[in-house]
Each structure stands twice: as C-alpha cells, then as structure tokens.
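Numbering (my numbering), first residue to last: 1 to 331.
Structure first, then comments.
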Amino acid sequence: MAISDKQKAILKVLADGEFHSGTELADSLGVSRSAVWKQLAGLADLGLQHLAVRGKGYRLEKPLELLCQTEIFSRLNSSPQRILQGLEIHDQIDSTNAYLAQLAQLDSPSGTVCFAEHQTAGKGRRGRQWASPFGSNLYLSILWRFPQGYASTSGLSLAMGVAVIRALQEQQIHPVGLKWPNDIISSGKKLGGILIEVSGESEGPCTAVIGLGLNLFLPDAAAQGINQAWTDVSKIQPNRVVSRNQLAASLLNHALALLADFEMAGMKDYLQEWRQYDCLQGQAATLFVAGQPYQGIVQGIDENGLLLLQHPDGKVQAFASGEVSFSPTSS
1 MAISDKQKAI LKVLADGEFH SGTELADSLG VSRSAVWKQL AGLADLGLQH
51 LAVRGKGYRL EKPLELLCQT EIFSRLNSSP QRILQGLEIH DQIDSTNAYL
101 AQLAQLDSPS GTVCFAEHQT AGKGRRGRQW ASPFGSNLYL SILWRFPQGY
151 ASTSGLSLAM GVAVIRALQE QQIHPVGLKW PNDIISSGKK LGGILIEVSG
201 ESEGPCTAVI GLGLNLFLPD AAAQGINQAW TDVSKIQPNR VVSRNQLAAS
251 LLNHALALLA DFEMAGMKDY LQEWRQYDCL QGQAATLFVA GQPYQGIVQG
301 IDENGLLLLQ HPDGKVQAFA SGEVSFSPTS S
C-alpha cells in the first residue's frame, strides 16, 4: 500500500507525538472527520500505530521525524558534499538497492544516494526480506563505480562496517560492534545489516550498490517475521532521542569519505579497526556454508578478510562466506 498525500499531511501534523483532535486534522486537510479516520486506519499497513482517545483525539505511538533532503545535506562535511552526486528520498519504494541498480543501468554516477521512508521489498542477505516500517528506521543505498573491476571491491563490506560504527559512535550510540561479514551488532543482537550487490564485467569496470538497514525504532508488530535476535537504538538508549536526519548525515559523511579512498587503499587500511569492533573474536560459533555446519572458536579475520575458525582438533580454517550463529558472552 502506497502512502497517500492525505496520509503524509496527517503524519506531518501528528509527527510531534502529541494529541490532535479529529476536527483539527479535518480542517488542516480540508476533509471530513470520517475521511480522517479512514486515512488513519490505513497507517497501520505502513507499520505506524496510533492511539485514539475520546476527548483528546489522535496521536502516533511515538514522535516521527521525517527525512529531509535539505537538512541531511546541510549536515554533510565539505568533502562528502562534493562527492555526493544525487540525494533522493522516497516515501515508499520496493528496495533502495533495487532502485539504484536500475539507475546504474542508466549511467548514474558514483555518489548517487537513495533513502526511503518505507520499503515494500527491502532486501537482507540470502534473499531475506528486511523489515521496513514507515519512518521508523534508516534504509539507504549508495551507488559507487569501480573502474578496476571486481577485485577492487574485495573487503568492501568489512570496510563499510567500519564506516557505520564510526557514525554510530559519533552520534553517541553504543555499545555497537561488527559480526562477520556484514552485521551491525549491539549486545549480541542485530542492530543493522549491510548488503552489497556488484554488477558488471568480470575483468572490466563494475558497479557496487551498497545498502544499509539500521533499526532506530522497530515496532514489535513489524518485527514478527524476524527469525533472529534483534534490537534497535530505542532499546539500546531508551532515554535518548536520536535524530534520523543527523544520523543519516553522519552515515553519509563516513561512508562517502571511505568510498572515495577505498579503491586505492583497499581493505588493509580498515582491517585493524574492524578487528577492534569484532563481536565474534574468541567466541564459540557454528558457521553454516551451503547448509553444512562447521563448529569451532572464531579467531578473527585474516589479511584478506576471511573468517578464521579453529576446529575442535585445533586446526584453523579460513572461510570466504557463510552464516555465523553464536551466543555472545559479552557486548
């Protein structure tokens, strides 16, 4: 279901989290009170819950900060402002990654960025759907072109993880860490994820679409389909309000600066910092590769970003891909 212009107008009034009467909403929209009720009833389909109290009116479950292109751009540092080649914010889209993949076919340049308030088919790893309720979290993708081909993108997901942690720490969001290969973790629970999709010639130029989903406030109703431990910023820091626009700008500041340097520097400049944020180091874990389980103790990553797993017999094996299950003993 797409958000209507009337619903968007209602949300702008209700964004402060305070009660507003049906009469006030009807007058501001120029419609009847029954029409207001009908529009409000549809908000639940977008993952937005509201309260209705006789004599008070309506209010959202929690205040809502809509993304603003001007505000995000004004918070960018001078270098990322120059790198940024386009900034789009969509009320609703199937997937920010899929959208930028389409723009890549139309020769859109490196530094093209897309945010969405709501995704109808947000993508996680291995074809999973990413829970994307309206206006609650951050969903963004960045298009970046690599003239030197696929090999020059090696380790990009690890480096991007470092950029995300830098932004979260800059916004005083902690504790946060990284789980190989591309999860953002807080106290053993998933806070966000990175999805990088690369297309192009195997020996020629290629294009990467770097997607990030980050949970700021994930309503329980929207999280029902998630089959792993998850968290959001509101649970990590319940007494603090984090600005979506400010965090969005911080993420772009760090991500765009990293991308500008990555093709020349590669992953090596970020390995040591990634290891500082590694949530798996020293943990007993099971790695699933094509459904095959491998159990052992995680020994970090090697110089190529491969996961090192020490088997019960003491041998250490390096893995290029897989999905890790573990029970953390600490944050």
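The beta-carbon is built from N, C-alpha and C at its ideal position, and this holds for glycine as well.
| Asked | Found |
| --- | --- |
| Closer than 7 Å: valine 164 CB and nearest the ligand ATP heavy atom | Within the structure as shown, the ligand ATP is missing, as the structure has no ligands at all. |
| Neighbour-count burial assignment, alanine 68, 16 or more Cβ in a 10 Å radius | Just to set this straight, residue 68 is cysteine in the shown sequence, not alanine. Cysteine 68 comes out exposed. |
| Three CB pairs or more closer than 8 Å across the stretch 236-255 and the stretch 159-176 | yes |
| Which of helix, strand or coil DSSP assigns to valine 298 | strand |
| Delimiting residues of the beta strand (DSSP E) encompassing histidine 50 | 50-53 |
| Endpoints, alpha helix (DSSP H) assigned at lysine 62 | Run containing lysine 62: none; DSSP gives neither H nor E here. |
| Any chain D beta carbon closer than 8 Å to glutamate 323 | Considering every chain present, this structure includes no chain D. It has just one protein chain. |
| Pick from Leu51, Leu64, Tyr294, Ser95 that is closest to lysine 315, judged by C-alpha positions | Tyr294 |
| C-alpha gap between glycine 122 and leucine 256, whole angstroms | 22 Å |
| Sequence-distant residues of its chain with Cβ nearer than 6 Å to alanine 101 (five each side left out) | Val209 |
| Counted within 10 angstroms of its Cβ, other Cβ atoms place serine 32 as buried (16 or more) or exposed | exposed |
| Span separating the alpha-carbon of serine 331 from that of glutamine 81 | Since pLDDT at serine 331 reaches only 40, below the 50 mark, its modelled position is unreliable, and no value is offered. |
| Buried or exposed by the 16-neighbour rule on C-beta atoms within 10 Å, applied to serine 250 | buried |
| Sequence ranges, beta strand (DSSP E) only - wholly within the stretch 205-267, length at least 3 | 206-214 |
| Bounding residues of the beta strand (DSSP E) (the contiguous stretch that carries isoleucine 72) | Careful: isoleucine 72 lies outside any beta strand (DSSP E), inside the alpha helix (DSSP H) at 69-74. |
| Element boundaries [alpha helix (DSSP H), containing threonine 96] | 96-105 |
| Asparagine 304, buried or exposed, once every other Cβ within 10 Å from all chains shown has been counted against 16 | exposed |
| Closest Cα partner of alanine 248 within the set Val53, Leu76, Gln49 | Leu76 |
| Alpha-carbon spacing of threonine 112 relative to arginine 59, whole angstroms | 36 Å |
| Euclidean distance between Cα positions of arginine 166 and serine 234 | 19 Å |
| DSSP-derived helix/strand/coil call for threonine 120 | coil |
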